[in-house]
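**Student:** Pasting a structure below so you can have a look.
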Amino acid sequence: MNLSIDVTNNEGVSNVVLTGEVDAFTAPKLKDTLLPLTKEKGQVVEVDFQDVNYMDSTGLGVFISALKSTKEHASTMRLVHMQDRVYRLFKITGLTEIINIESTVQGGM
Amino acid sequence: MMEPFDFVEVKVPAKAEYIGVVRLSISGIANRMGFTYEDIEDLKVAISEAITNAVKHAYKETGEGEITIGFGVYQDRLEVMVADHGGSFNLGEIKEDIGPYKQDDDIEELREGGFGLFLIDALMDKVEINSKYGVIVLMTKYLHETGVGQNGDQITTPQ
Numbered sequence: 003m004n005l006s007i008d009v010t011n012n013e014g015v016s017n018v019v020l021t022g023e024v025d026a027f028t029a030p031k032l033k034d035t036l037l038p039l040t041k042e043k044g045q046v047v048e049v050d051f052q053d054v055n056y057m058d059s060t061g062l063g064v065f066i067s068a069l070k071s072t073k074e075h076a077s078t079m080r081l082v083h084m085q086d087r088v089y090r091l092f093k094i095t096g097l098t099e100i101i102n103i104e105s106t107v108q109g110g111m
Numbered sequence: 025m026m027e028p029f030d031f032v033e034v035k036v037p038a039k040a041e042y043i044g045v046v047r048l049s050i051s052g053i054a055n056r057m058g059f060t061y062e063d064i065e066d067l068k069v070a071i072s073e074a075i076t077n078a079v080k081h082a083y084k085e086t087g088e089g090e091i092t093i094g095f096g097v098y099q100d101r102l103e104v105m106v107a108d109h110g111g112s113f114n115l116g117e118i119k120e121d122i123g124p125y126k127q128d129d130d131i132e133e134l135r136e137g138g139f140g141l142f143l144i145d146a147l148m149d150k151v152e153i154n155s156k157y158g159v160i161v162l163m164t165k166y167l168h169e170t171g172v173g174q175n176g177d178q179i180t181t182p183q
């Protein structure tokens, strides 16, 4: 019921690997880690969802903030290896239209 | 005649760290009832959204307090109540005052949470709000396919 966040930086790319659950308890920590990464011009922020087994709207809120920040600072963000269950939330809220997401199952849902 | 059901009540401090604990509770109850894996995941998100809202509300009011969660376990459905106060439920009384949420209801907390209420609505079969004493969210999920959409409520995507 916790979230661990591992960040590795190299050559303009930040890899953010998430493990655990994103909810109201863990979302603030995620936001505090993610947002500064998006504030560097040209930076590519890649968030790995492979081991995220739970997320709710508090997580969606974090990624909306991060997306706004990438627009402001000319950086980019993509979410990769997302599980079906988590992808579904992005899908039903229409966020798949505006956020770059690569789900584990292509064309799922 | 009153329909038979089991009632489970859980009380947690109005703090975000307990949301995961309640997710485990609903997961256990729903699994026991025979809900599918997908439905259990839906229930976990819906209850978390309601509790997140209650936590924010409690925090704004006093910075402390309790949240009461009630599970009505029926033959064909699970009813989940989330109250942003520590009082126990009188199920009959709550149901008398409850109704579909309306624009003028005092549920600003849910709305300003962004997608919270939207997700509850999308993931559950029926959602009702009682805002007479604090905010109580009553949401229902049916066990069988026949129950889905009984409220004429379709899951839609905002395209």
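Those sequence lines, one after another, are chains A and B. Position 23 of the first sequence, counting from 1, maps to 25 under our numbering, and the rest follow consecutively. Position 125 of the second sequence, counting from 1, maps to 149 under our numbering, and the rest follow consecutively. For every residue, glycine included, the Cβ atom is placed at its ideal position computed from N, Cα and C.
If you check the beta carbons only, do Thr92 (chain B) and His109 (chain B) fall under 8 angstroms apart?
**Tutor:** It is a contact, given that the beta carbons lie within the stated cut-off.
**Student:** Contact criterion: CB-CB distance below 8 angstroms. Does Ala68 (chain A) meet it with respect to chain B?
**Tutor:** False, the Cβ-Cβ gap to chain B never drops below 8 angstroms.
**Student:** In terms of residues, what are the limits of the beta strand (DSSP E) holding His182 (chain A)?
**Tutor:** Residue 182 (chain A) is absent from the structure shown; chain A starts at 3 and stops at 111.
**Student:** Just mark Lys43 (chain A) as buried or exposed, buried being the case when its beta carbon has 16 or more other beta carbons within 10 Å.
**Tutor:** Flag for Lys43 (chain A) reads exposed.
**Student:** Cutting at 7 angstroms between CB atoms, please list the residues of its own chain near Lys39 (chain B), excluding the five before and the five after it.
**Tutor:** Cβ within range, chain order: Val79.
**Student:** Looking at the ligand FMN, does it come within less than 7 angstroms of Glu62 (chain B), judged from the CB to the closest heavy atom?
**Tutor:** The ligand content of the structure shown is nil, which means the ligand FMN is not present either.
**Student:** Which partner residues of Asp8 (chain A) appear in the DSSP bridge assignment?
**Tutor:** Bridge partners of Asp8 (chain A): A:Val19.
**Student:** Which class does Ser105 (chain A) belong to by DSSP, given the choice of helix, strand or coil?
**Tutor:** It is a strand residue.
**Student:** Can you give me, in chain order, the residues of the stretch 31 to 49 of chain B that have a beta carbon less than 9 angstroms from any beta carbon in chain A?
**Tutor:** Answer in chain order: Lys39, Ala40, Glu41, Tyr42, Ile43, Gly44, Val45, Arg47 and Leu48.
**Student:** Is the number of C-beta pairs between the stretch 92 to 102 of chain B and the stretch 51 to 66 of chain B that are closer than 8 angstroms three or more?
**Tutor:** Counting Cβ pairs under 8 angstroms, three or more are found: they touch.
**Student:** Can you tell me whether Thr164 (chain B) is helix, strand or coil according to DSSP?
**Tutor:** Three-state result, Thr164 (chain B): strand.
**Student:** Would you please state the rounded distance, in angstroms, between the beta carbons of Val47 (chain A) and Val82 (chain A)? I believe it to be under 8 angstroms.
**Tutor:** That belief does not hold up - the Cβ atoms of Val47 (chain A) and Val82 (chain A) are roughly 11 angstroms apart, past 8 angstroms.
**Student:** Output, in chain order, the set of chain A residues within a Cβ distance shorter than 7 angstroms of Gly140 (chain B).
**Tutor:** Under the 7 angstroms cutoff, chain A gives Ser59.
**Student:** Looking only at C-alpha atoms, which of A:Glu99, A:Gln85, A:Phe51 and A:Ala76 sits nearest to Leu32 (chain A)?
**Tutor:** That would be A:Phe51, whose Cα lies nearest to the Cα of Leu32 (chain A).
**Student:** Could you tell me whether the Cβ atoms of Thr76 (chain B) and Ala68 (chain A) are closer together than 8 angstroms?
**Tutor:** Cβ atoms of Thr76 (chain B) and Ala68 (chain A): not closer than 8 angstroms.
**Student:** Helix, strand or coil for Asp100 (chain B), going by three-state DSSP, please let me know.
**Tutor:** Residue state, collapsed to three classes: coil.
**Student:** Between B:Glu103, B:Glu27 and B:Glu73, which has its C-alpha nearest Ile43 (chain B)'s C-alpha?
**Tutor:** Closest option to Ile43 (chain B), Cα to Cα, is B:Glu73.
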